[in-house]
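When we follow the UniProt record's numbering, the leftmost residue of the sequence shown carries the number 1, and every step to the right adds one. Beta carbons: idealized from backbone N, C-alpha and C, even for Gly. Model, not experiment: these values are computed from the prediction.
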Amino acid sequence: MSDSNHALTHDFPEFYNRIRSLHIEDSGFRQQNERYHALDRQINALEARGVPINDQTFVDMKMERATLKDALYQRLLQR
Numbered sequence: 001m002s003d004s005n006h007a008l009t010h011d012f013p014e015f016y017n018r019i020r021s022l023h024i025e026d027s028g029f030r031q032q033n034e035r036y037h038a039l040d041r042q043i044n045a046l047e048a049r050g051v052p053i054n055d056q057t058f059v060d061m062k063m064e065r066a067t068l069k070d071a072l073y074q075r076l077l078q079r
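Laid out in structure tokens, this is it:
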């Protein structure tokens with residue numbers, strides 16, 4: 001089980017204000033951010049239940065979360 005906090009504001013504290021601004025002003029960012037956090041909650045719940053880490057659906061969910069996080073991070077870097 002993972003106790004990691006994957007919230008964007010936790011992983012990228014230097015972008016805290018930008019994350020908040022984009023969440024309010026950019027519907028595309030907001031939708032991706034909400035999907036990322038929903039997926040993160042699902043993954044955390046599965047980890048808490050002890051889902052085998054080699055379960056393909058679980059692996060796919062983690063890959064999607066990583067892909068979303070990368071896309072959101074790239075968006076944060078844009079000015």
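- Here Val51 carries a coil assignment [DSSP, helix/strand/coil].
- Burial is judged here by how many other beta carbons sit within 10 angstroms of a residue's own beta carbon; Ile19 has at least 16 and is buried.
- In this structure, DSSP gives Gln78 a state outside helix and strand, which the three-state scheme calls coil.
- For His10, the enclosing alpha helix (DSSP H) starts and ends at 8 to 11.
- DSSP places Asn17 within a helical segment (H, G or I) once states are collapsed to three.
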